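Written out below as structure tokens is the structure these notes cover.
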Amino acid sequence: MRARASLLILIAGLASPAWADQPNEITQANEIDWQARVDAAVRAAEQADAAAWRARADWAIQSAEQTPAPGVYDWNKLPAPAAPPQDILPIVERFQGYMEQQAQGLPAPGGLSVFVSLSMPRASLELLIAEAERTRTTLVLRGMVERSISKTMLTVQSLIRGRQVAWTIDPEAFARFQVETVPVFVLTRQGARSSGCGDATCFAQDDTVRLAGDVSIGYALDAIDRLAPQFRDDVASVRAGQ
215 MRARASLLIL
225 IAGLASPAWA
235 DQPNEITQAN
245 EIDWQARVDA
255 AVRAAEQADA
265 AAWRARADWA
275 IQSAEQTPAP
285 GVYDWNKLPA
295 PAAPPQDILP
305 IVERFQGYME
315 QQAQGLPAPG
325 GLSVFVSLSM
335 PRASLELLIA
345 EAERTRTTLV
355 LRGMVERSIS
365 KTMLTVQSLI
375 RGRQVAWTID
385 PEAFARFQVE
395 TVPVFVLTRQ
405 GARSSGCGDA
415 TCFAQDDTVR
425 LAGDVSIGYA
435 LDAIDRLAPQ
445 FRDDVASVRA
455 GQ
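Throughout, our numbering is defined as the position within the sequence shown, counted from one, plus 214.
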């Protein structure tokens, strides 16, 4: 498309002055002629580019299929990689439980959820992750990295670095708790049941408490304990990692 746009601009600049006083019939005929030339040039460029890519692909396949001469490589003696390939399946599995419970209308396990974004400063995320492991807090994302579950998992894995932390992707929860900026902390009573709320699900108002602010989990729990004393037992359970 760039080639076509450039050609059109060049042609307009060269052709217009010379034909300004010619009859309309001639102008229209020449416009059609120039458009045909432009189209032909673009097609030729695209075909040449496609041919070049096919040639590169064929060369790569041929190189990969060539068998090395006997004795050149001993595959059993190749050095082991510095680190074993990372298995993202356990992280994928940890994404599932919370959403399955919601879909089935089962009682919520209770506890603290922190709504975060992978675009947050890394230091802030790492602090929340360390605290989430101790308190068994669930970290909630709105969506995936570039709409890719594998890219999301790998990004999460690079942050948690072996820590046992639960994550979930739940865009509906962002809407339910009106999360527009992160982080947001939501404490849910153990045994709270979700109910229909339009096209989504909701909890009773006295089953959850919400706190927004760029603070640590410890600070958020202290604030909830002070501002919503009816959740004191739930705060204590989170602090104990229960």
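Note that CB positions come from ideal geometry on N, CA and C, so glycine has one too. Nothing here was measured: the structure is a model prediction, and the numbers come from that model.
Cα-Cα separation, residue i to residue j
i: Q380; j: I438; result: What sits at residue 380 in the sequence shown is Ala, not Gln. One C-alpha to the other measures close to 22 Å.
i: R361; j: I383; result: 12 Å
i: V353; j: A418; result: In the sequence as displayed, the identity of residue 353 is Leu instead of Val. So the alpha carbons of these two residues sit roughly 21 Å apart.
i: T349; j: A454; result: 6 Å
i: S364; j: L332; result: 14 Å
i: R356; j: F388; result: 6 Å
i: G405; j: G324; result: 6 Å
i: G432; j: D421; result: 20 Å
i: M358; j: T351; result: 20 Å
i: R336; j: Q371; result: 13 Å
i: R377; j: L339; result: 13 Å
i: F329; j: T402; result: 13 Å
i: R390; j: E345; result: 24 Å
i: L373; j: R440; result: 31 Å
i: S451; j: L368; result: 31 Å
i: A434; j: F399; result: 7 Å
i: I343; j: V449; result: 18 Å
i: T366; j: Q444; result: 37 Å
i: R407; j: E347; result: 25 Å
i: S327; j: D436; result: 15 Å
i: Q456; j: R375; result: 22 Å
Where residue i sits in the DSSP three-state scheme
i: G432; result: helix
i: S362; result: strand
i: V354; result: strand
i: A406; result: coil
i: T422; result: strand
i: A234; result: Legend: pLDDT at A234 = 42, less than 50; position of this residue unreliable, value from coordinates given subsequently. A234 falls in the coil class under three-state DSSP.
Residue(s) in a DSSP beta bridge with residue i
i: I383; result: L355
i: S327; result: T352 and V400
Selection from the options that minimises the alpha carbon distance to residue i
i: L341; options: P443, L435, V429 and V449; result: V429
i: V393; options: V423, V449 and V452; result: V423
i: M334; options: R440, C416, I374 and P397; result: P397
i: E386; options: F399, C416 and L326; result: C416
i: A526; options: Q456, V449, T395 and D436; result: The structure shown does not extend to residue 526, since the chain is modelled only from 215 to 456, so the question has no answer here.
Below-8 Å beta-carbon distance, residue i vs any chain C residue
i: D420; result: This model lacks chain C altogether; it includes just one protein chain.
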